[in-house]
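Chains as they are written, first to last, in the numbering used here: chain F, 1 to 465; chain S, 1001 to 1205.
(1) Report back the beta-carbon spacing between residue 246 of chain F and residue 300 of chain F to the nearest angstrom; my notes put them in contact at under 8 Å.
(2) If you pair each beta-carbon of the stretch 210-225 of chain F with each one of the stretch 95-104 of chain F, do three or more pairs fall below 8 Å?
(3) Taking DSSP's pairing of strands, which residues face residue 98 of chain F in a bridge?
(4) Residue 163 of chain F to residue 70 of chain F, Cα distance in whole Å?
(5) For residue 130 of chain F, which residues of its own chain have a beta-carbon under 7 Å away from its beta-carbon, when the five flanking residues on both sides are left out?
(6) Which value, in whole angstroms, describes the spacing of the CA atoms of residue 200 of chain F and residue 275 of chain F?
(7) Just reading off the beta strand (DSSP E) that residue 363 of chain F is part of, what are its end residues?
(8) Which two residues bound the contiguous beta strand (DSSP E) that contains residue 169 of chain F?
(9) Which chain F residues sit within Cβ distance under 9 Å of residue 1066 of chain S?
(10) Please report whether the beta-carbon of residue 386 of chain F lies at a distance below 9 Å from any beta-carbon of chain S.
(11) Around the Cβ of residue 326 of chain F, are there at least 16 other Cβ atoms within 10 angstroms (buried) or fewer (exposed)?
(12) What does residue 1108 of chain S touch in chain F if you count any residue whose Cβ is under 7 Å from its own?
(13) Across which residues does DSSP place residue 443 of chain F in a beta bridge pair?
(14) In chain S, which residues lie with their C-beta within 9 Å of the C-beta of residue 283 of chain F?
(15) Taking the alpha helix (DSSP H) that residue 218 of chain F belongs to, which residues open and close that run?
(16) Would you tell me roughly how many angstroms separate the C-alpha atoms of residue 312 of chain F and residue 1032 of chain S, rounded to the nearest one?
(17) Note down, in chain order, each residue of its chain lying with its Cβ closer than 8 Å to the Cβ of residue 339 of chain F, except the 5 sequence neighbours on either side.
(18) For residue 1143 of chain S, I'd like the list of residues in its chain whose CB is within less than 6 Å of its CB, leaving aside the five on either flank, ordered along the chain.
(19) Counting only Cβ pairs nearer than 7 Å, list the residues of chain S close to residue 353 of chain F.
(20) Check the Cβ-Cβ distances between residue 261 of chain F and every residue of chain S, and say whether any is below 9 Å.
(21) Does the Cβ of residue 1118 of chain S have 16 or more other Cβ atoms within 10 Å, making it buried, or fewer, making it exposed?
(22) I'd like to check one pair, residue 63 of chain F with residue 411 of chain F: are the Cβ atoms closer than 9 Å?
(23) Name the chain F residues that come within less than 7 Å of residue 1184 of chain S, Cβ to Cβ?
(24) Assuming residue 1066 of chain S and residue 1131 of chain S are in contact, meaning their beta carbons sit under 8 Å apart, how far apart are those beta carbons, in whole angstroms?
(25) Could you give the C-beta distance for residue 476 of chain F and residue 12 of chain F, rounded to a whole number, given that I count them as a contact under 8 Å?
(26) Would you verify that the beta carbon of residue 1116 of chain S is, or is not, closer than 9 Å to some beta carbon of chain F?
(27) Counting only the same chain and skipping the five closest in sequence on each side, list residues whose C-beta sits under 6 Å from that of residue 198 of chain F.
(28) Whole beta strand (DSSP E) runs in the stretch 220-297 of chain F with 3 or more residues, listed along the chain?
(29) Please report the straight-line C-alpha distance between residue 160 of chain F and residue 1174 of chain S, rounded to a whole angstrom.
(30) Contact between the stretch 250-270 of chain F and the stretch 1190-1200 of chain S: three or more CB pairs below 8 Å?
(31) Nearest to residue 238 of chain F by alpha carbon, out of F:230, F:229, F:262, F:322?
(32) Verify the CB distance criterion: does residue 1193 of chain S have a CB-CB separation below 9 Å to chain F?
(33) If the cut-off is 7 Å on Cβ atoms, which residues from the stretch 71-101 of chain F count as contacting chain S, listed in chain order?
(34) Can you give me the C-alpha to C-alpha distance between residue 1068 of chain S and residue 242 of chain F, rounded to a whole angstrom?
(35) Give a yes or no on whether the C-beta atoms belonging to residue 344 of chain F and residue 375 of chain F are separated by under 9 Å.
(36) First and last residue of the beta strand (DSSP E) that includes residue 1006 of chain S?
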C-alpha cells in the first residue's frame, strides 16, 4: 500500500524505532526564540551539554520585542532581560541569531521560509505552536514545549508517537474576496477546536494547488487552532518557484537533486487516510469570529449565534460565557459590530502579500473616526519590501501606524495590547479571552476584512465599500 | 525529574471547557527566565474573583485539577505546566487535552490522566457532595480512589507512565542511542539546508 505525504516524511526521519516506545525522529531545523528557550539553555548549562547541531538551529527575537524605538534598550526590564538572555545563549552555544535591528529579524515562522531554510521534506520544530506554518512547504513541522526544546538542542532528535492521518480536501475556485484565511476559519468552525486532535493533516485539492505560498502558509499556520499535530501540503511548482534563489535554497546540481526529491513528496494514489474532510471552496464567503475560540466563526453576512445553536451542554456553556466576555447579543448581524482597533500582522497574515492586499483596499481612503490601526510587518525584510513598494506611505496616509516587525498584538506580550473592553478586528490566529490584552475582545478576520473594517469602523468586506 | 507513584490531595473542579494556555497563564507573565515563580500568573484573569474555585476555602490548597474538555489547547508555552506546578498541582484529570500541553506535562512531571466526559461529571458531582475531601491518584494502578472507596480508572500512555514512575530524564535516555543518531546523520541528504555559515539576501546579492 502507498504512503501519504506525512508518512513519507515521518519515515525518512526515524532514527530509532522500538516496540512500546515512541519513534525517535531526527530534526532538520530547530527555530528558537526568546520566550520558550531560556530554561532550555539553562538546562544544557547545568548538565554541561553543548548544542549538538548549531548549524541546524536558528534564533530570532520576536514575541517579546517592541515595535517602536527598536534600537533603544527595551524599556521593560524583564522583557529586556529575556531578550538579552537569548543573545547571550546564542553567543555561548554558537547559535545563529537575528536580533532586533537586523535586516533578517522577524517572526520566527516568517523568517524561516524567507531565508529558504524551510524546505520540503524536512522536520522542523520550534517552541511555538504556530510552527505548523512551515507545513505549507511539505515539511513536517510542529510546536514543542521548553523541555522538548532542550531535548532537541542536546540531541537534534525528538521522541514522538506517530499520529493518525487526515486529509482535508478543499476543491473549487474561491469566490471573489474570499482568501486563505476565510478557508481556514470556515474549516475550524466546521470541525471544532478539537477536530484535528491526534492527526497530522494534509490539505489538498484544487483550491490549495491554486494558492500562493503565502496563502498556503496562512492555512497551515492555523492547523493548531483545531488541535492538529501538524498541517502539510504537497510541494509543487509554486513551492519550487518560491524557494529558487532564496539565501539557503540548494544551488546548481543540488537544486536539481532537491527538486527531484521534493517532487516525490506527495501522497501515493493508493494511500489511505484515517479520516477525510471535504470543503467546497465555491460556497465560502468572508469568515469572521464572534466568540473566544477560533471555532467560534460565522460568515461575515451572518449573525451572532444563540448558545442553543450548539450541540452539547458544554459547548452551550462555552458559547454563553463567550457572549458575555465579548459583550454581544445573539442575533446581532456581524456587520453591525463596531471595533476600535484593527491589527494587521502576525505569522498568520503578516507577509508581503497580506500587506499588499490590505493596502490595495485602503489606498486613497482614511481610517474611520475612533479606530486605531496597527500595521506590523511579519519581518524586517517584509517591512523593507513594503517600503520599497510604497505600501508604508499608503498605510500612513490612511492614518494607520507603521510599526517594526514582531509578534506584537497577536499575543499582547509587548506594549502592543488592547485595553480592557477594547474590541479588535485582527488578522492573527487566536481570539482567546485576554489574548490581545486583559479584557480585550478579538474578532479574527482576513487582511481584506481588516482593511475594509478600518475604513468603516464596523466589520466589513471590501465588497461593502 | 522526581519519581511519581501516587498522590493524595484535594480535587478542584474547574467547570469550564476550552481553557487554553493563554487562560492558564497570559503572555505578560512569560517573561521570566526560570522555571519557578509562575504561580502568580495562574488563571490570572479569574483569580481576583472571590467566586473563583481556587478562592474558596475548600479548594485553596487543592492539588488535583479536574477541568472540562479541551484543557491546555493553544500556545505551546510550557509555562502553563510550570504555573500549575508552582501553585501546587500534581495531577490533572480531564476528558480531552491540548496535545502540546499534555506532552509538556509529561516532560515536566505533571501527571495528566484521561477519563471519559461522564467520569469528569461523576468526579464533579462527588466533589460537590464532599468539598475539600482528599482523593488518591495511583499511577501504578492508573486509578483514582474516592473517599468512599469508589475506584475509577484513568488513561495515560505506557511510555509516559513508565518515565514518570521511574523519574527518568528524557535527554539521558535519548543520548544512550548516540550511535543511532550519528549513523542517521551520516545518511542525511547533502542538499538539506544548514543555518551556518549564515547566508542572507544581502550576502548573496
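Where a beta carbon is used, it is the ideal one built from N, C-alpha and C, also for glycine.
Result, derived from the coordinates:
(1) Mapped onto the first chain, residue 246 of chain F falls at position 246. Mapped onto the first chain, residue 300 of chain F falls at position 300. Residue 300 of chain F and residue 246 of chain F do not touch by the CB rule: their CB atoms are close to 36 Å apart, not below 8 Å.
(2) Here the stretch 210-225 of chain F does not lie against the stretch 95-104 of chain F, with fewer than 3 beta-carbon pairs under 8 Å apart.
(3) Locating residue 98 of chain F in the first chain gives position 98, counting from the first residue. Per DSSP, F:60.
(4) Walking along the first chain from the start, residue 163 of chain F turns up at place 163. Walking along the first chain from the start, residue 70 of chain F turns up at place 70. Approximately 41 Å, taken between the alpha carbons.
(5) Indexing the first chain from 1 puts residue 130 of chain F at position 130. Result list for residue 130 of chain F: 109, 143, 221, 224, 347, 429, in chain order.
(6) For the purposes of this step, residue 200 of chain F is identified with residue 200 of the first chain, where counting begins at 1. For the purposes of this step, residue 275 of chain F is identified with residue 275 of the first chain, where counting begins at 1. So the two alpha carbons sit approximately 10 Å from each other.
(7) For the purposes of this step, residue 363 of chain F is identified with residue 363 of the first chain, where counting begins at 1. No beta strand (DSSP E) contains residue 363 of chain F, which DSSP labels as neither H nor E.
(8) Your numbering for residue 169 of chain F matches position 169 in the first chain. Segment 164-171, the beta strand (DSSP E) holding residue 169 of chain F.
(9) The residue given as residue 1066 of chain S occupies position 66 in the second chain. Those within 9 Å of residue 1066 of chain S in chain F number zero; the least Cβ separation is about 14 Å.
(10) As a working mapping, residue 386 of chain F is identified with position 386 in the first chain. No, no contact with chain S.
(11) Numbered from 1 along the first chain, position 326 holds the residue referred to as residue 326 of chain F. With 16 or more other Cβ atoms from the protein chains shown falling within 10 Å of its own Cβ, residue 326 of chain F counts as buried.
(12) In the second chain, residue 1108 of chain S corresponds to position 108, counting from 1. Here the neighbours are 147.
(13) The residue labelled residue 443 of chain F in the question sits at position 443 within the first chain. Residue 443 of chain F pairs with F:425.
(14) In the first chain, the residue the question calls residue 283 of chain F occupies position 283. Close partners of residue 283 of chain F in chain S (Cβ separation under 9 Å) are lacking, with about 27 Å as the shortest Cβ gap.
(15) Within the first chain, residue 218 of chain F is the residue found at index 218, counting from 1. First-last of the alpha helix (DSSP H) with residue 218 of chain F: 213-221.
(16) For the purposes of this step, residue 312 of chain F is identified with residue 312 of the first chain, where counting begins at 1. For the purposes of this step, residue 1032 of chain S is identified with residue 32 of the second chain, where counting begins at 1. Taking the straight line from one Cα to the other gives about 39 Å.
(17) Here residue 339 of chain F is taken as the residue at index 339 of the first chain, counted from 1. Here the set comprises 371, 423, 424, 425, 443, 453, 457, 458, 459.
(18) The residue given as residue 1143 of chain S occupies position 143 in the second chain. Around residue 1143 of chain S: 1151, 1153.
(19) As a working note, residue 353 of chain F is residue 353 in the first chain. Against residue 353 of chain F, chain S offers no close residue; the least beta-carbon distance is about 18 Å (beta-carbon pairs closer than 7 Å).
(20) Counting from 1 along the first chain, the entry for residue 261 of chain F is found at position 261. At a cut-off of 9 Å between beta-carbon atoms, residue 261 of chain F makes contact with chain S.
(21) In the second chain, residue 1118 of chain S corresponds to position 118, counting from 1. Residue environment for residue 1118 of chain S: exposed (fewer than 16 other C-beta atoms within 10 angstroms of its C-beta).
(22) One-based indexing of the first chain puts residue 411 of chain F at position 411. One-based indexing of the first chain puts residue 63 of chain F at position 63. Yes.
(23) For the purposes of this step, residue 1184 of chain S is identified with residue 184 of the second chain, where counting begins at 1. 15, 26, listed in chain order.
(24) As a working mapping, residue 1066 of chain S is identified with position 66 in the second chain. As a working mapping, residue 1131 of chain S is identified with position 131 in the second chain. Actually they do not touch by this definition, with Cβ atoms about 13 Å apart.
(25) Residue 476 of chain F is absent from the structure shown; chain F starts at 1 and stops at 465.
(26) On the second chain, residue 1116 of chain S is found 116 positions in, with the first residue counted as 1. Cβ-Cβ to chain F under 9 Å: no for residue 1116 of chain S.
(27) Indexing the first chain from 1 puts residue 198 of chain F at position 198. A distance below 6 Å between beta-carbons, with the five flanking residues on each side excluded, links residue 198 of chain F to the following residues of its chain, in chain order: 163, 164.
(28) Whole beta strand (DSSP E) segments, 3+ residues: 230-232, 275-280, 287-289.
(29) Sequence index remark: in the first chain, residue 160 of chain F carries index 160 (1-based). Sequence index remark: in the second chain, residue 1174 of chain S carries index 174 (1-based). So the alpha carbons of these two residues sit roughly 12 Å apart.
(30) In this structure the stretch 250-270 of chain F lies against the stretch 1190-1200 of chain S, because at least three pairs of beta carbons, one per stretch, are closer than 8 Å.
(31) The count along the first chain starts at 1 and reaches residue 238 of chain F at position 238. Closest by alpha carbon: F:262.
(32) Sequence index remark: in the second chain, residue 1193 of chain S carries index 193 (1-based). Put simply, the CB of residue 1193 of chain S is near chain F, with a gap under 9 Å to one of its CB atoms.
(33) Result list: 78, 79, 81, 82, 85, 96.
(34) The residue given as residue 1068 of chain S occupies position 68 in the second chain. The residue given as residue 242 of chain F occupies position 242 in the first chain. Straight-line Cα distance between these residues: approximately 43 Å.
(35) Counting from 1 along the first chain, the entry for residue 344 of chain F is found at position 344. Counting from 1 along the first chain, the entry for residue 375 of chain F is found at position 375. The criterion of a C-beta distance shorter than 9 Å is satisfied by residue 344 of chain F and residue 375 of chain F.
(36) As a working mapping, residue 1006 of chain S is identified with position 6 in the second chain. Where residue 1006 of chain S is concerned, the enclosing beta strand (DSSP E) starts and stops at 1006-1009.
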